[in-house]
Each structure stands twice: as C-alpha cells, then as structure tokens.
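Input: a single structure, listed below in structure tokens.
Number of protein chains: 4
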Amino acid sequence: MSNLALEFCLVGAGFIGPVHAENIAAHPAARLRWIVDLNVGAGEGLAAKHGARATTNLDDALADAAVTAVLICTPPRTHASIIERAARAGKALFCEKPVDLDLGRVDACAKVLVETGTPFHLGFNRRYDPNHRALFDALRSGEIGRPEMLVLSSRDPEISPPDYVAAMPYGIFYDTMIHDFDMVRWLTADEPVEVIARASCMLGEAENPHRDPDTAMVLLRMAGGTLVHVNSSFRAVYGYDQRIEAFGERGMLISRNRQPTTLERYGVDGIRSDGLLRFFIERYAESYARELDDFIRAVADKRSPSIGLDDGRRALVIADAAVRSAKSGATVALQV
Amino acid sequence: MSNLALEFCLVGAGFIGPVHAENIAAHPAARLRWIVDLNVGAGEGLAAKHGARATTNLDDALADAAVTAVLICTPPRTHASIIERAARAGKALFCEKPVDLDLGRVDACAKVLVETGTPFHLGFNRRYDPNHRALFDALRSGEIGRPEMLVLSSRDPEISPPDYVAAMPYGIFYDTMIHDFDMVRWLTADEPVEVIARASCMLGEAENPHRDPDTAMVLLRMAGGTLVHVNSSFRAVYGYDQRIEAFGERGMLISRNRQPTTLERYGVDGIRSDGLLRFFIERYAESYARELDDFIRAVADKRSPSIGLDDGRRALVIADAAVRSAKSGATVALQV
Amino acid sequence: MSNLALEFCLVGAGFIGPVHAENIAAHPAARLRWIVDLNVGAGEGLAAKHGARATTNLDDALADAAVTAVLICTPPRTHASIIERAARAGKALFCEKPVDLDLGRVDACAKVLVETGTPFHLGFNRRYDPNHRALFDALRSGEIGRPEMLVLSSRDPEISPPDYVAAMPYGIFYDTMIHDFDMVRWLTADEPVEVIARASCMLGEAENPHRDPDTAMVLLRMAGGTLVHVNSSFRAVYGYDQRIEAFGERGMLISRNRQPTTLERYGVDGIRSDGLLRFFIERYAESYARELDDFIRAVADKRSPSIGLDDGRRALVIADAAVRSAKSGATVALQV
Amino acid sequence: MSNLALEFCLVGAGFIGPVHAENIAAHPAARLRWIVDLNVGAGEGLAAKHGARATTNLDDALADAAVTAVLICTPPRTHASIIERAARAGKALFCEKPVDLDLGRVDACAKVLVETGTPFHLGFNRRYDPNHRALFDALRSGEIGRPEMLVLSSRDPEISPPDYVAAMPYGIFYDTMIHDFDMVRWLTADEPVEVIARASCMLGEAENPHRDPDTAMVLLRMAGGTLVHVNSSFRAVYGYDQRIEAFGERGMLISRNRQPTTLERYGVDGIRSDGLLRFFIERYAESYARELDDFIRAVADKRSPSIGLDDGRRALVIADAAVRSAKSGATVALQV
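Protein chains in written order, with this note's numbering: chain Z, 20 to 355; chain D, 20 to 355; chain U, 20 to 355; chain R, 20 to 355.
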C-alpha cells in the first residue's frame, strides 16, 4: 500500500455512519475530513468526535480538492445521485448497498462511473466476515468439491421502523436477503437461473403496521446446478442469526453464529450460553473494518475495488425476481 | 399395559428386519413366533437366532392362531397385499412405510382395515427419536409460540443399490423425504397447501446409473402460514445428517445431530470430533425400540396406534406433489 | 465365543442389581438363574421379572451345579466373604468394586482366587464407556504422544444416604474417586509415586450430617512423570459430571459429558441445552452392558477377565494414601 | 470521564509494547508522546508509526511536563526502578506485571508510590477478558453460590527463548501462573492458606536447554475453604489454552477458549473446527484495550486504578510459595 492516505468525506451520519467514521479514523492510511448530513446535529456531533468538518451541503465537501474518497451511507434512495455527483467530482467511491432499487437508475450510474473512470466499491460487508471468508476459502480450495446445496439463514432481531419499511416495501428481499443473494453468487462463482420465493407477515399489527413481508424463504437454482435455500425473518428474539452452510460431494462447511462470550452456565435447568450477537453492527464489526481497509488498499494500489456496481446490479436482479415470485406465486427464470 | 404378550410374525428378514426382531425379542410383552421370508436362508437364520419358526409362506404364520401381531418390513411394493391378508386374518399390524406408492391401493387397504377393525401402525420411526421428540414437546408446549419456519436437513450417507433405485424412481421423495413430510405434519399439526420441489443428479454414473434424483430441495407452505424447507442428499460423506430446526415468534429450537462419542481431539490442525452416526440403523436405534413399545402398548390398551394409515396417505400425497413439481417445475397446490 | 451360556447367580437385588439383571437377561450367552438378597421382597420382585429363582441364602444358589457365574453387587463390606464362598464353589466371579476396604482382606481373597483358579472380574465399569474408551484408544495409539497431564472431573449429583455414608467414611475417595484412580492407572499404564489430597465439607448439616468429606481434590505424580489432577463433589446440581482430559506433547484429548438429548433452545435469555445425564445408571448404561459382555467372553474364551483383583487392590492403595493425605495434610509417597 | 487526555510515555517497544502503543493511539482520551527503548531501531520504528518521539533515555520523557502517564512494558527486572523514577517525576503509572520478583524490592516501590501519591495500575490483563469477566460477574452475583472448587487451565503454545528463561527461572510460576494466582484471588475475593506445587520438564533439550520447569500443577486451599487447581504447560500445540471453571453449590460456570473462526468442516474423518487463538496477543487483544481504558478512566476520575501494587505483591507471594513447594515437595502454609 502506498503511504498516501485517503481523505474521506462521509455522507450520512446516522445508522452505520458512526461505524464507518470510527473505522476511517482508526485506519493508518485514511483521514476523515468531512461529514455531510442534512441533520445538522448528527453531522456536527460525529464530525466533532473525529475532528472533521460538518456540512449539510455535499458540494462543499466535493469542492474540497483534498477529499479523495467519498463514503456513502445515506438512505438508499439518495445513493444514485450522490454516486453521480461524487464520481463527476473525481472522488473514489465506497457506497453502502444498494446503488438503487431501480435497475435503470443503476445502469445510469454505471455509465457515469465508466465515463469518469471512478473506483467504486459496493458495501456487501458480509464478504469480509472472517467466518464466512473461511468458508469461502475452504470452498474455493476444493475442500468439499462442487457445492451441491447451500443453506443460508439470515434473520434480523427486529423489523425496521415503520417509515423505513414504508420507504422500501419488500425490504426483506431488497434490504436483507440481497446480502444473501450476493453471498450465494460470491460463494458459488455462479448465477441463479431460477428464483422461487414465498413470504408472509407473521408479526403483529403493532410491529408491522404496513403488513410488509417479515418472514421469507427462497429457493434458487444456479446455472451450475447448485440448489440454494435462503430464509429470513425480522424477529429472531435470540439475536442476529447469520449462518451459511455449504454441502458438497466431499463434505460440509458451516459458518456458525457468534456469541458475545464463551461463558457456559450449568444449573438445575440445563446448560446455558449467551444468545447471539445483537445485530449487524456487533456481528459484522470486523467486516466493516476489513472492508474499508480493502477499499483503501484497492485505491492505493490502483486496482478495481473487490465488489463492483455490477455485483449490486446482479443481486438486485435476484431480489426483483424474488419479489415477483413472492407476489405472484410464479417461478421466475433468469438469464445468466 | 396388560400382561398379555403380543406374539409376532415378522415378515421380511432383510434390511431393517433384524432390528425389529431384536426389539421384539427384548420386549417384555412381546414374543417372536414366526419369520416369513422368501429367502429361506435369511428367514431361517434370523428365526434361529431368536428361537422363532421360519417359513416362506405367509399363510403358515397367519394360520397360527397364537400369532396376534404382524410386523411388515418387506420391500414396499409388497406391503399392501400383506396388509390386506393379515388384516383379514385378524392380526394387529405394524407396517414399515409406505403402505403403497399408489394412492388407490392405499385407499383399498384403508377400506380393509376399517372393515376388519384392525389396529394398524405405520412405521414413521423418527417421531420416536428422543431429540426430535424433545423438539416436538417444546413446540407443543408453546415454548417458541407459533412455528413460523421449519428447516429440515435429511441426508443419507449413500444411495441405495441400483436395483432398489430402479424399483422406486424418485425415491429421494418417496422413500427419504416422505419421513420429513411426516415430521412436518406432526410437528406443525398442520397440512401443506403448496409444494415446490427441485431435484438434480449430482452423483456420478457409477454410483447413480439410473440418473434418479440424488439431491433435492423442497419448499412447503402450510395452511397456517408456516414456511418449510427440506433438503436431502444421497451422499453425506460425514454420516447420516438429520437435523430439524423450528423458528417461532419467541425463539428457535434445534434438534441437532448425534455423534458416536463425545471425544474431542485438539491438535496442530485444530479441534476434531467424531463424524455423525453412520445411517438410520445407528441413528434411530432407540426410535425403533420406542416405536415398537408404543405399538404394543396401543394394542394392549385397545387404543388406536399413534401413526395411522391416513398419516401414510397424507405424506404420500405430499411426496407425489413434490415429484410432480420436480418433474414439471410447477408449483403444486394441495387441498387441506 | 463358545455357544455355552453362563448361568448367573446375582447377589444383591438393590441399587445396581436390576441393571445387571437386565443386562444378563438381554445377553444372548447368559441366563439369570438365581437372585440372592436378604430382603425377600426385593429379591423375589427382581427374580419374578426375569423368570429367576430367589433366595435369601447364598448357599442355595452356590449348591446349584448349573450356576456357572456369580455377580456380586451387595454392599461393599460383604464382598470379600461372598467372593471366597463362591470361588470355593467353583463359580466364575464378577464383583462390583471394591473387593474390600481392608488390604489384608483383599490379599486373603486373592489367595483364595489363586488357589481355586477362579476367573475374577472387578467392576470398574468406566473402562467400558465408549467415550473414555475412545480417549484410551487415541492415547495408546500415540496420537498425543506421552501424556504429560491428566485432569479428571468426577462429580456426583448427590451425596449417598446417611447410613451409607456412615458405613464407609471418606467414601469420596474409597467409593467415588477410586474409579478415577483406576482410570488413571488404565489410561497411563503407569502407577503413582506421590499422592496429595485435600477434602472438605461443603454441604449443609441436613444433607451431610456425618460431616464426611463431600468435596475433594487430588494431585498425583506418576512414576513416568505424568501429573494428574482429580476433583470430586457430591452436589453437581446439573447432573453427573464425568470428564477426562489428557494433555500430551502432540495435543489434547477430552472425553466430554453426555446430555440426554441434542435439543438446543434459543430464546431471549440465550441458548439452552439439556443438563447432564442424571447419575451413573444413565451415564454408564452402555458401560455396564459392555462390561458384562466382556466378562462373559473372557470366561467363554478361557482368558483372564480384563480387570483383576490386583487392579482393585492398587486403586485401593491410592485411595488409602489419599485419605491419609487428606487427614494429615502430608504428602504420601507410594512404591511402584 | 473528563475530556483531558492522558499523554503517554511508553517504556519498552518490544513484545507487548506495540499492542499498548496501538491501544493508546486508538483511545480517544489518550495520546502517545514518547517511546523509550534502549534499542534505537525498535523505539524509533514504533514512534514513527504513531507520530511519537523516541529516546533511549527515560529522563528525556520524564522531563517532559506534558507527559502525564507512563506505561512500563520492559523486561521484568527493570520495572521497579522505572516505577520509582516515574513516580518521583509525578506521572501516573501503568506497569506490566511483575513489579519485581523480590518482595523487598516490591515493598520499596510501594513506599515510593505512597509517598508520591502516584496512581498505579498493575497489568493483570486477564481480569479484563470479556469471557472471564462474565464468569466473575456471574460468580459475584451469586449465581452458583459459594465457589467450592476452581479449575484453571493456563497453557502456552511455546516456551520462551532460552535467554528469557535463563533470566527468570521457574517462570512457569513467576511469569505464567502468576496470572492465574491473581485470577483466583480476584474471582474468590479470598486468599490462599496452603500451596502445593509439582513441576517437571517434559520438553526436550533443544527447546528447553536450561531444564527449567515447563509443566506444572498447583493445588491451593483458600481461607474460605475453596479448593483450587491450576495447571500449566509450555507446549499446547493446539494454541493458547485459557480456561476457567468455577463449581459451586448451585451450578458451574466455564469460561471456555476462543477460536479464530466459527467454521466447522464435516468430512469423512469427522468434524473439524479451528484450533485456539495462538497466544496472548491474539487471545487477550480486547483485554489489553479494556484495561488501558480502565486505567485512563481511573486517572481521569481520580479514583484508584483497579489493580494495585498490592495485588502484584500477593500474587508474587503465592508464586514464591509454589516455587518452594515444587522444589522441596513440601506444602507451604500462607498467612492471610
């Protein structure tokens, strides 16, 4: 890695923003220069914590020639336009998924990125989880031969707030399982040719007033024959449930869940250990840091970032198909 | 339980026959009187071991008034006619699944059983596994509330011999997953309204010369909304993989696999424990004994055996639907 | 194994007696002929269950020429005289440990056994546990090289009744840890040269009115250098805790505990699994059956039974040393 | 915590020095100002990485009025004099254990700390491990009642280099188990009254040319009656083995080991998972960061640091007793 540090503008101070801010601050080859957020308090609070400047106007930060990278973690519907503006300003881009939920809009972004030659990384952070990565490495090394079946469990401890749900209907596919669709493509180095999805509302009116699907199962058939199952829920009361299982001709690999501590308690009512890590911020803390590091190294080494806009596009195509299948009951065929 | 012992005629000395023979011999309220098998050597060998008489002619045993129960574990295609003959001879019946693969034939048997008032138990042994049973009990006690998703892994260590496969095409549904279909019905006390299945041939020509499906995934939607995933394979090289996972509004239950010993080996290449129990005879040894005991008690107490012919019929309907879906790609709707 | 069956006289219908009776009844090369117990009801009840004869007079059974083997599971203080009488009557002997708590009395028995040429097996059942046995096999195969440290946890769920405790003071060493002392000798094929023990009374007056030690730790140094730790307690509320750990130059082996089922329950308060199997009858059920089988085979094959009186004597010498150390605080040296 | 940052001088750039340097750099209320090391290259390299100044002369750093805290991680024999010089210079102190191996020298340091009113923290980092801490919390909350037995396994993957071993004979007690002695005091809030130790050389001449003990077991009896076992080795080939088990009247608590990933590999030879984390730098990474944070908060809040010089003194007294016992075979009594 060259010894030039990337100077970051972070767009979006909420949600995952503070995690990225901290990782940028802790990275030896990165500096946090700007925080952009329409919410003045959130932006200034985060900026103050890390000695950065805050603004509500993205242009302020894009105009700063010292800024060499933009990290986008605003709500999804704003991603595409920020991508385009930042790309035209000549900044390297790290964008939380999705690029956009509209494929046409995604393609428009792709065009801008190509025209401007912008290094672009899409934040499918799970690829950087050490456990999933160990599974990937074992799979790719041929340890179990061809993967014949994949089983992914991907369950959140809670549903998003109603306004967030309203802003992204079928979020269980577009927002949650889209990670799994990416994992499946990454793990198998293959693309699905068939998508079948079923979803339902299991939560009560109070928690899920919009009656958006909160429970779902998907069956994918990959071009190479691998059969894939993905399941998801928005109320895993025992914590963030993130498991991947790959079955092949020579064995099985399981990336199991993680617990906060290793303490075991033996009592009259049996043996008890911790529940799972609470949610993605705890579970994928290491992944976010590793992912940022990989992006910084890619830019420094002038290689393409590891996860491109096309990865986001392909995962979105699968999510679209899953939504169509869940709505209509039909099986959706995809072209490779 | 009354102190009258059931006197058994066991039909079928191969495969699972010796397991049943041993369980009958060890049961304090059962005696093994006859072994019926067309293979004289097999029948006489097993009979000699347990001090029973052997014959190749079922009628010899049925004519013996002392025989009060018949246990059928011959090849599937022979079950229906043995059921009918034994029922007409007034014997209580324990029959390995399936009754038959033809629904019409199943219904004809049902008619005979009703007419003759025969106590009839169908051998879905997995309901008697202590681990699955503990899951069932926890589920029924409401520990996790309504089951929202079930995930069943049901993988054999090897494919059946070619002639066995040839005699029952799509055996992965009719012979293996039919157990899981029964478990799903039993665990949820509900019936599926939709069946989607995908299957493929992953094994080589040498092991699977008939190119019958050896790998499959099924997605079921139950009338009550529960989503169900079942996966199966005929080459789990690490042993007989039998797991059930139930996810509900208040938690998750997992009936995990069993290993021969608890030994852990720590070495330079990590921590190693035993593979799984080899196959159903090892894994479900306790289940077979408990199931026989339940049958004997039911007959003694003059209550209906726990698993009836209708359970076999309903599981067969699901298997039929799965085969149709796997063949055509269609989603198959079922009436409750 | 020859096809001659051993005809057993079981002495002692209480406690572990019914387990042995059932194992004899289930063994293809054994028959249960007599039950001897001073308690008429207990003896007749058990005899009736297995179609055997009951008596309160051992001589009745010893006089029966058809009896070829005597299994002794009476209270410890009666073992030695039964051994001598049965040996002189020409029966093969299976005796629960200990032979006696007095070394002189043990030696007297040894003399009678030699004089009469009696096949004698001492019931250190843990050697037959499949988990401990797998550890033994791995150790002996050299998998971890020389054992440098052993750690044994050996904890009962409850203390024995007061009269039992009164009859055998320091039972935590003489009755419980004596099994561990045998395991250590068996696993290392070595003898201790130094014994240090500490014991205390942790239970309340109500449970432990005689203030006999209920909690203990022992440190052994073996002739070959292996360091050994054993701990024991009489109130493991979570079940019968039976673990063995062997550490060597190339790794570690752990024979872990067993639980009744594999069910895992995930809820808001973490992940819960079963407690341990309740006590030795559940935990070592397989061991007792395997041990009996080994004894029967040894007699049939005219080889010495696997565990001899000298094994009992040597374990007793260690227990004696532990008691002396616990009482005096001294380190006790032993000759190999 | 006040918003004043502590300005650190780190003494000792080798071994654990870089870990502390990184934690200081990452801490929001700390700044790394000086690195002191006689090895110019090591000091300057580490200083450059963190934008600090390097010197070989401690006085340079102590003379800097901006320096408010000194973190000592030089070889043990140098600790006492650095403590005294830094205390007299008015700096808050964080010192890796031990203070010194000579009790008189420790007492002399204690006097200086009292005279100068210096905040002093001794680096028994294991108290900050989240797993051990969870065990501590459960124990203190009374979850298992009074601790009746403790079992600590404390095994290093390798022996220290010969010159390190030569500089601190019986390091298995003074350098390794001293952590466990501290853990025992901390967990039980009690002091030992009796110490028995046995040690041996199991490693070969090549790895352990000085024939210093590399394998040891200790038995402690605490004033309150708790029995304690500690074992240690310098060749746990499967990784850094760090377990604590507390047994009490109402149950058992186990702080288990940690593995790098949760990957499980199922194959024909069984189920394999990762070995343990390699050594203390990996295993206790979080502990070091939490410990530094606790020290910084203590100084900021003007409370005594959590682990004082007296804790070091008391652990040393136990280690001294263990060495005496291991050398002489005697049991060593301690005054509370």
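C-beta: ideal position from N, C-alpha, C; glycine also.
- Pairing D/L353 with D/A334 gives a Cβ-Cβ distance that is not under 9 Å.
- Here R/P47 is exposed: its Cβ has fewer than 16 other Cβ atoms, across all protein chains shown, within 10 Å.
- Along the length of the segment 128 to 192 of chain R, whole alpha helix (DSSP H) runs at least 4 residues long occupy 149 to 159, 181 to 186, reported in chain order.
- Taking every protein chain shown into account, the CB of D/G60 has fewer than 16 other CB atoms within 10 angstroms, so this residue is exposed.
- When 7 Å is used as the limit between beta carbons, Z/S274 is near these residues of chain R: T281, L282, in chain order.
- Judged by their CB atoms, D/V86 and D/F143 are not nearer to each other than the 9 Å cut-off.
- Near chain Z, meaning a CB-to-CB distance below 7 Å, the residues of the segment 335 to 354 of chain D are G348, T350.
- Counting along the chain, R/Y285 sits inside the beta strand (DSSP E) bounded by residues 282 to 286.
- For U/M221, the three-state secondary structure derived from DSSP is coil.
- Non-local C-beta neighbours of R/R277 in its own chain, meaning closer than 6 Å and more than five positions away in sequence, comprise L296, ordered along the chain.
- Per DSSP, the beta bridge partners of U/R50 are U/E26.
- If you draw a 10 Å sphere on the C-beta of R/G109, you find fewer than 16 other C-beta atoms in it, and that means exposed.
- Counting C-beta atoms within 10 angstroms of its own C-beta, D/N58 has fewer than 16 neighbours from the protein chains shown and is therefore classed as exposed.
- Residue burial is scored here from C-beta neighbours: Z/A225 has fewer than 16 other C-beta atoms within 10 angstroms and is therefore classed as exposed.
- Scanning chain D for C-beta atoms nearer than 8 Å to the C-beta of R/V170 yields nothing, as the closest lies near 17 Å away.
- It is roughly 32 Å from the alpha-carbon of U/D78 to the alpha-carbon of U/D201.
- Counting along the chain, Z/E103 sits inside the alpha helix (DSSP H) bounded by residues 98 to 107.
- Within chain Z, the residues R269, G270 have their CB atoms less than 7 Å from the CB of R/G286, given in chain order.
- Residue pairing of R/T75 in beta bridges, as defined by DSSP: absent, with no partner found.
- Scanning the segment 285 to 310 of chain D from its first residue to its last, the whole beta strand (DSSP E) runs of 3-plus residues come out as 289 to 292.
- Using a Cβ distance threshold of 9 Å, U/V237 and U/H248 count as a contacting pair.
- Distance check between U/A80 and each of U/A88, U/W53, U/S173 places U/W53 closest, using alpha-carbon atoms only.
- With respect to chain Z, the C-beta atom of U/L295 has a partner C-beta closer than 9 Å.
- As a beta-bridge residue in DSSP terms, Z/A265 pairs with Z/L169, Z/L272.
- Between Z/F139 and Z/V131, the alpha-carbon positions lie close to 11 Å from each other.
- Assignment of beta-bridge partners to Z/E213 by DSSP yields Z/R240, Z/A352.
- Contact annotation for R/R204 against chain U: no contact, minimum CB-CB distance about 18 Å [criterion: below 8 Å].
- Contact note: D/P149 reaches chain U through P279, T280, using a C-beta cutoff of 8 Å and chain order.
- For R/R159, the number of other beta carbons within 10 angstroms of its own is below 16, and it is reported as exposed.
- The beta-carbon distance between R/R145 and R/H198, rounded to whole angstroms, is 5 Å. This is short enough to meet the 8 Å contact definition.
- Contact between Z/A24 and Z/R50 is confirmed by a C-beta separation of about 5 Å, below the 8 Å threshold.
- Contact of D/L29 with chain U is not assigned, every C-beta pair being separated by 9 Å or more.
- Scanning Z/L328, Z/P279, Z/V170 for the CA closest to the CA of Z/A304 turns up Z/P279.
- Sequence-distant partners of R/G294 (beyond 5 residues in either direction) whose C-beta falls short of 6 Å from its own C-beta, in its chain, are Y257, G258.
- According to the DSSP secondary-structure assignment, Z/F200 is paired through a beta bridge with no residue.
- Its chain contains Y189, I191, A218, S219, C220, A345 as the residues whose beta carbon lies nearer than 7 Å to that of D/P232, once the 5 sequence neighbours on both sides are disregarded; these appear in chain order.
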